[in-house]
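Residue numbers (this note's numbering): 165 to 459. The next block holds one structure in the form of structure tokens; read it before the comments.
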Ligand SMILES: Cc1cc2nc3c(=O)[nH]c(=O)nc-3n(C[C@H](O)[C@H](O)[C@H](O)COP(=O)(O)O)c2cc1C
């Protein structure tokens, strides 16, 4: 392989455990256009407090220094990505790293690097993608790197449509920037108040980090109802016109909010379990998941 490192796949830990990747890689290689290298990364544990703290300072950056990041920085990122926690363990996924030339974006946002989620298309795959990639977004911010979710950008034609049977879902641009990448105060976030996104008594402190989550066009489609120990998480129903674009994006947004929810509960020394069994939602909202908190 002469041109290595073109599409770098960050493998999910589940597959590393199953030790099936060498086999799958061997098959995939033949089908793809060469220029491809797959690396199985060492499994490390993400530091949740580091991610939790990033929630209160992160912001989207849309201007990048196009100098590629050092190989060691990318290697450490791959390490962390490969230990990300999925929302739904039954969904197969992979992180894929693309360079600038591999991405088509209608908006003029150019970055030296992009990290994509490729996934099996089933059940909660959109929420799962949001949950996974937000762990990377927070990790980048915690490590002084700029990032921005991109809902419109797609891999270019040269990138295989499917990778190992998985389809492209969403990507995050990242790299260095000369702009300040942090907010110093949560008042700088343009967000709804907790009372606008929740009717749960006594849940304000748990929901504060959730309120600050990023969402497509800052739509913040989430709503929390029920009791603190068993909260129903719903998403705002959309009219047909809005559903055409935001129907998918809003589900990714909910996954992002659930990632912040998990980090928030973890910060309080408690555990959250998500149940996808359908239940009632408030008027104008669609049920997404139930969040059950225990000690
Ligand atoms: C799923 C998703 C898709 C997004 N797509 C784009 C995009 O295509 N272009 C863009 O400039 N920002 C995009 N954003 C960034 C949001 O506009 C941004 O997160 C939101 O306005 C809140 O601002 P903040 O991230 O600076 O807190 C996207 C965010 C999410 C979560």
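Virtual Cβ for every residue (Gly too), placed ideally from N, Cα, C.
Check                                                                                                          : Outcome
Buried versus exposed call for residue 404 [16 or more other C-beta atoms within 10 Å across all chains shown] : exposed
Extent of the continuous alpha helix (DSSP H) run through residue 244                                          : 235 to 245
Length of the line joining the Cα atoms of residue 434 and residue 320                                         : 43 angstroms
Pick from 342, 409, 424 and 273 that is closest to residue 369, judged by C-alpha positions                    : 424
Residue range of the beta strand (DSSP E) that includes residue 457                                            : 449 to 458
Three-state secondary structure assigned by DSSP to residue 382                                                : helix
Test item: CB-CB of residue 298 and residue 420 under 8 angstroms                                              : yes
Check whether residue 304 and residue 338 have beta carbons under 8 angstroms apart                            : yes
Every unbroken alpha helix (DSSP H) inside the segment 243 to 309 [4 residues or more]                         : 289 to 306
Terminal residues of the alpha helix (DSSP H) in which residue 359 lies                                        : 358 to 361
Check whether residue 395 and residue 310 have beta carbons under 8 angstroms apart                            : no
Nearest to residue 361 (by Cα), restricted to the options 229, 446 and 264                                     : 446
Span of the beta strand (DSSP E) around residue 331                                                            : 330 to 339
Buried/exposed call for residue 382, threshold 16 Cβ in 10 Å                                                   : exposed
Residue environment, residue 246, which counts as buried when at least 16 other CB atoms sit within 10 Å       : buried
Euclidean distance between Cα positions of residue 444 and residue 450                                         : 8 angstroms
Contact set for residue 401: own chain, Cβ-Cβ below 7 angstroms, skip 5 residues either direction              : 448, 449 and 450
Within 8 angstroms, strictly: CB atoms of residue 215 and residue 293                                          : no
Residue from 407, 412, 393 and 430 whose Cα sits closest to the Cα of residue 439                              : 393
Whole-angstrom C-beta distance between residue 380 and residue 335, which should lie under 8 angstroms         : In fact, because the Cβ distance is near 13 angstroms, the residues do not count as touching under 8 angstroms.
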